[in-house]
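102 is the number that this note's numbering gives to position 102 of the sequence shown; each next residue is one higher, with no gaps.
Backbone N, C-alpha and C fix where the C-beta goes; we use that ideal spot for every residue, glycine too.
Below: the structure, in structure tokens.
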Amino acid sequence: MKKERLQSKVNRAMKEYGMVKDGDHILVGLSGGKDSLALVEFLGARSKIFKPRFRVTALHVGVSNVGYKSDTEYLKGFCKECGVEFIYEETSFEADRATRRSPCFLCSWSRRKVLFDTAKRLGCNKIALGHHQDDILETLLMNLTFQGAFSTMPPVMAMDKFDMTIIRPLALLRESELRAHAEERGYRRQEKNCPYEKESNRQAMRSLLEQMERLNPEAANSLWSAMTNVKPEYLPRTTGER
Numbered sequence: 001m002k003k004e005r006l007q008s009k010v011n012r013a014m015k016e017y018g019m020v021k022d023g024d025h026i027l028v029g030l031s032g033g034k035d036s037l038a039l040v041e042f043l044g045a046r047s048k049i050f051k052p053r054f055r056v057t058a059l060h061v062g063v064s065n066v067g068y069k070s071d072t073e074y075l076k077g078f079c080k081e082c083g084v085e086f087i088y089e090e091t092s093f094e095a096d097r098a099t100r101r102s103p104c105f106l107c108s109w110s111r112r113k114v115l116f117d118t119a120k121r122l123g124c125n126k127i128a129l130g131h132h133q134d135d136i137l138e139t140l141l142m143n144l145t146f147q148g149a150f151s152t153m154p155p156v157m158a159m160d161k162f163d164m165t166i167i168r169p170l171a172l173l174r175e176s177e178l179r180a181h182a183e184e185r186g187y188r189r190q191e192k193n194c195p196y197e198k199e200s201n202r203q204a205m206r207s208l209l210e211q212m213e214r215l216n217p218e219a220a221n222s223l224w225s226a227m228t229n230v231k232p233e234y235l236p237r238t239t240g241e242r
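Right, here's the structure in full:
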């Protein structure tokens with residue numbers, strides 16, 4: 001998979017959805033996985049183009065009480081190669097046995113809090129996350145199946161409560177494209193050995209999306225188009241009476 005083709009799709013997503021403006025300072029959530037590594041690489045390259053001019057900083061959040069560590073020296077070196085500043089912060093969480101909040105939720109929430117706090121401290125106005133098109137479509141299917149809502153993770157989302165905007169520059173890239181790119185670039189895999197990791201609804205939605213694509217190879221494109229092709233006149237409407 002040619003890097004130039006993927007970079008072009010990232011640039012198109014940023015333009016189509018109005019993700020960046022002159023003077024933006026973007027904080028990238030760098031987990032160490034292939035998606036966040038690609039995000040650093042593509043954003044770093046795009047930031048060197050004259051217009052619009054923006055700054056990129058990458059943050060890796062370590063969690064002290066889970067059973068694996070990322071290779072921070074590798075991540076730091078990778079960011080330097082991409083011309084992106086690297087920052088490391090550490091957090092932890094306590095397993096909540098009194099409620100239904102899972103350790104995975106608490107871990108994610110803790111890391112996300114550090115991400116927002118660091119963005120505010122650095123004066124960033126945007127946070128870039130490494131969600132690709134498959135992630136967005138799987139979330140759409142999850143929300144339809146479990147929440148009864150036609151919604152997903154949008155490419156751009158203003159967080160008014162935090163005075164921050166979330167952007168997802170990989171929104172037009174499929175996971176298969178990113179996997180091939182990671183292999184070509186020789187991204188170093190971060191070993192995971194999390195005691196809380198298990199099967200999830202997201203994995204079930206991934207399988208469902210694969211089944212849909214076996215029925216129709218264009219199913220992902222159709223789902224993506226459906227999100228901007230809603231026809232209310234052909235959907236149920238209540239009168240408000242009971």
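Only residues of its own chain outside the window of five on either side were considered, and among them Val61, Gly62, Val63, Ser64, Ser110, Arg111, Lys113 and Val114 have a CB closer than 8 Å to the CB of Thr91, listed in chain order. Taking the Cα positions, Lys15 is about 11 Å away from Val156. Every unbroken stretch of the beta strand (DSSP E) spanning 3 or more residues and falling wholly within the stretch 160 to 232 is given here in chain order: 164 to 167. Boundaries of the beta strand (DSSP E) around Gly29: His25 to Gly29. For Tyr88, there is no enclosing alpha helix (DSSP H); the residue is found in the beta strand (DSSP E) stretching over Glu85 to Thr91.
Between Leu43 and Val66, the alpha-carbon positions lie close to 29 Å from each other.
When secondary structure is reduced to three states using DSSP, Thr57 falls in the strand class. When secondary structure is reduced to three states using DSSP, Ile127 falls in the strand class. By the criterion of at least three beta-carbon pairs nearer than 8 Å, the stretch 123 to 140 is in contact with the stretch 25 to 45.
Listed in chain order, the non-local C-beta contacts of Thr165 below 6 Å within the same chain comprise Lys126 and Ala158, local neighbours out to five positions each way being set aside. Per the C-alpha coordinates, the member of Thr145, Arg188, Arg168 and Thr118 positioned closest to Phe162 is Thr118. One thing to note: Phe54 has its Cβ no nearer than 7 Å to the Cβ of Val84. In the three-state reduction of the DSSP assignment, Met153 falls in the coil class, being assigned neither a helical nor a strand state. If you look at Thr118, you'll find it in the alpha helix (DSSP H) that goes Pro103 to Leu122.
Distances from the alpha-carbon of Lys69 to those of Arg5, Met153, Phe105 and Tyr88 put Tyr88 closest.
Where Arg12 is concerned, the enclosing alpha helix (DSSP H) starts and stops at Lys3 to Glu16.
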